[in-house]
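Undergrad:
Protein chains: 2
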Amino acid sequence: MSERDAKSDHILDAALPVFVRHGFRKASMADIARAAGISRASLYLSFNSKEELFRAGSIRAHARTMREVEAALAGAGDVFSRIETAVAVFQRELIAPFVGSPDATELFDANMALAKDIMLAARARLIALLAQALSDAETAGRISLGSLQARPADVAGVIVAAIDGIKHAEGAGPKFAEDMQLFMRLLRTAIS
Amino acid sequence: MSERDAKSDHILDAALPVFVRHGFRKASMADIARAAGISRASLYLSFNSKEELFRAGSIRAHARTMREVEAALAGAGDVFSRIETAVAVFQRELIAPFVGSPDATELFDANMALAKDIMLAARARLIALLAQALSDAETAGRISLGSLQARPADVAGVIVAAIDGIKHAEGAGPKFAEDMQLFMRLLRTAIS
DNA sequence: AGACAGATGGACTAATTATGTCTAATTGTC
DNA sequence: GACAATTAGACATAATTAGTCCATCTGTCT
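Residue numbers (our numbering), protein chains in the order written: chain A, 1000 to 1191; chain B, 1000 to 1191.
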C-alpha cells in the first residue's frame, strides 16, 4: 500500500464514524479533520471536496463489509447459517447505520445521491455471493431448489429483497434479527 | 401542572436528547422542533431563544436527576450502598453526557456558560443530601465519623470531589464505576 | 355562526458557519 | 541546505441558522 493510500485510509477510518454520527450535512470538514488528527488544509490534500471524501468513504465501507461477507460465507456451518451470518454482517454494516435517527436518514439520502452506484454494486455482489453459496450447496447435494423451480440467483435475490422489506417494516429495532431468523428458517425448511 | 408547563416539558424532553447528541451549537432549533413534533415557530411561542431553551433544559435535567438522587438515598440498603447508587445516578445523568466526544465537550462548555448556577446548585444540593444521609446514619449509630475528625458535610464534599477527580482521570469509560466502587469500599472501611 | 387562541408554513434579515482556495511559515527527511 | 508534506490563518463565497413577522388554518367555546 502506498503512503498516499495509507493516509487516505486513516482519514476515512476517522471520517466514517463522524458521518454515521452526524450525517453528511452536519459532519463538517473541520470535524473530520479533528477526528483524523490533521489540519483542515491537509484534508484537501487527500480529497478535493467533501463529496469526494464521502464517496471514498462509502467505497471503503462497502469494500470492507463485502470482505466480511465473503469471510462469513467461507466460514464454518451449513449453507443456511453461513448465509444468515453474512446477511447479518451486511445489515449491521450497511443498513443499520442508515435507520433510526433523522441524521441517519439524511446520511442515507446523501449516500443515494453521491454513491448510489457503490451501493447497487455491493448489493449485486451480495446477491452473486449468496447465489454462489446456494449453487455450491446444491451441487454438493445439501439442498434442492427443484421443488421451488428457482435458480440460485433467484433465491439469493429474494433473500436480499427480504432484508430490505424487513428493514423497511421493522427499522433498526431488535425485531429485525428476529424476523430475519424466521425468514431463514422458512428458507431452510423449504429447500433442505 | 398548567397547559403551558406541559407543553414546555414536552419540548424539553424532546430537546434534551438532541442537545446531548449534537451539542449546543449543532443542535438547531429546527432539529429540536422536529424532535418535538412541532413547528419551529411554535418553539418560539414557548421559549424566546435557543439559550433560554437550553437553560430550561438544564434546569429540567438537573431537577429530574436530583429527584432520582433523593429517591436513591431514601431507598433500601445501608448508607453506603444508598450513597453509591445516588452517586451513580448523578454521574450517569449529569456527568457522563459531557464526557467522550467533542460534541459532549462543547455541550459541557455551553452548560458552563449558560447554566453554571444550575450546575453548582445541584452539586451543592448533592453534597447536602449526602451529608444528611451520613448524619442520619451517625445518629443511628451505624457509622462513626469520630476517627476521621470530620463532619458529615466534609465527608460528603470529599465524595463529590472524588466523582470529579475520577471522571477527570477515567473519562466516561467503564473504569469510572470500578474506581467509584473502590472509593466507596474505602469509605465504608474507614467509617463503619 | 362567529369569536378566539394556539399552531403552522413561509418569507425575510442579519449573523454565523462551512466550503474550498491560497499563501507564508513550519516541520521532518533526505 | 534542498525538498516535500503539513500547518495555521486569511480569504471569498455559498449555505445555514436564529429570530421575527404574518397570513392562514384548526379546534374550542359561546
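Just so you know, even glycine gets a beta-carbon here, dropped at the ideal spot from N, CA and C.
Can you pull the chain B neighbours of residue 1025(A), defined as C-beta to C-beta under 8 angstroms?
TA: Ordered by position in chain B, the residues that pass the 8 angstroms Cβ test against residue 1025(A) are 1021, 1025.
Undergrad: So residue 1039(B) contacts chain A; which residues on that side make the cut at Cβ distance below 7 angstroms?
TA: Here the premise fails: no neighbours, minimum Cβ distance about 14 angstroms.
Undergrad: Confirm, please, whether the CB-CB distance from residue 1132(B) to residue 1161(B) is below 9 angstroms.
TA: Against a cut-off of 9 angstroms, the Cβ pair of residue 1132(B) and residue 1161(B) comes out as no contact.
Undergrad: Between 1076(B), 1090(B), 1125(B), which lies nearest to residue 1172(B) when the distance is taken from Cα to Cα?
TA: That would be 1090(B), whose Cα lies nearest to the Cα of residue 1172(B).
Undergrad: Residue range of the alpha helix (DSSP H) that residue 1075(A) falls in?
TA: No alpha helix (DSSP H) contains residue 1075(A), which DSSP labels as neither H nor E.
Undergrad: Give every residue of the same chain whose Cβ lies closer than 6 angstroms to the Cβ of residue 1046(B), excluding the five residues on either side of it in the sequence, and list them in chain order.
TA: Cβ within range, chain order: 1052.
Undergrad: Just to confirm before moving on: does the CB-CB distance between residue 1022(A) and residue 1151(A) stay below 9 angstroms?
TA: No, the Cβ-Cβ distance between residue 1022(A) and residue 1151(A) is not below 9 angstroms.
Undergrad: Since residue 1173(B) meets chain A, which of its residues come closer than 7 angstroms, beta carbon to beta carbon?
TA: The contacting residues do not exist; residue 1173(B) stays about 20 angstroms from chain A at best.
Undergrad: Counting pairs of beta carbons, one from the segment 1026-1036 of chain B and one from the segment 1006-1013 of chain B, are three or more of them closer than 8 angstroms?
TA: With the cut-off at 8 angstroms, the segment 1026-1036 of chain B and the segment 1006-1013 of chain B touch.
Undergrad: Measuring alpha carbon to alpha carbon, tell me which of 1082(B), 1062(B), 1054(B) ends up nearest residue 1180(B).
TA: The option with the nearest alpha carbon to residue 1180(B) is 1082(B).
Undergrad: Taking contact to mean at least 3 C-beta pairs separated by less than 8 angstroms, is the segment 1100-1120 of chain A in contact with the segment 1130-1144 of chain A?
TA: Segments in contact, no.
Undergrad: Is residue 1108(A) close to chain B, meaning its C-beta is less than 9 angstroms from at least one C-beta of that chain?
TA: Answer no: the Cβ-Cβ gap between residue 1108(A) and chain B never drops below 9 angstroms.
Undergrad: Secondary structure at residue 983(A), three-state DSSP: helix, strand or coil?
TA: A question about residue 983(A) goes unanswered here, because the residues of chain A that appear run from 1000 up to 1191.
Undergrad: Express the C-alpha separation of residue 1078(B) and residue 1107(B) in angstroms, rounding to a whole number.
TA: Rounded to whole angstroms, residue 1107(B) to residue 1078(B) spans 31 angstroms at the Cα level.
Undergrad: Use the C-beta contact count for residue 1020(A): other C-beta atoms within 10 angstroms, 16 or more gives buried, fewer gives exposed.
TA: Flag for residue 1020(A) reads buried.
Undergrad: If you draw a straight line from the C-alpha of residue 1117(A) to the C-alpha of residue 1126(A), how long is it?
TA: Going by the C-alpha atoms only, they are around 14 angstroms apart.
Undergrad: Residue 1061(B) and residue 1121(B): beta carbons closer than 9 angstroms?
TA: Yes, the Cβ-Cβ distance between residue 1061(B) and residue 1121(B) is below 9 angstroms.
Undergrad: Leaving out five residues on either side along the sequence, give the residues of the same chain with a beta carbon under 8 angstroms from the beta carbon of residue 1178(B).
TA: Here the set comprises 1165, 1168, 1169.
Undergrad: Could you pull out every unbroken alpha helix (DSSP H) segment of at least 4 residues lying fully inside the segment 1147-1173 of chain B, listed in chain order?
TA: Listed in chain order, they are 1151-1169.
Undergrad: When the cut-off is 9 angstroms and only beta carbons count, does residue 1103(B) lie next to chain A?
TA: Closer than 9 angstroms: no.
Undergrad: Is residue 1012(A) close to chain B, meaning its C-beta is less than 9 angstroms from at least one C-beta of that chain?
TA: Output row for residue 1012(A): interface = no.
Undergrad: Can you pull the chain A neighbours of residue 1033(B), defined as C-beta to C-beta under 7 angstroms?
TA: Chain A residues near residue 1033(B): 1101.
Undergrad: Spell out whether any CB of chain B is found under 9 angstroms from the CB atom of residue 1135(A).
TA: With 9 angstroms as the cut-off, residue 1135(A) does not count as an interface residue toward chain B.
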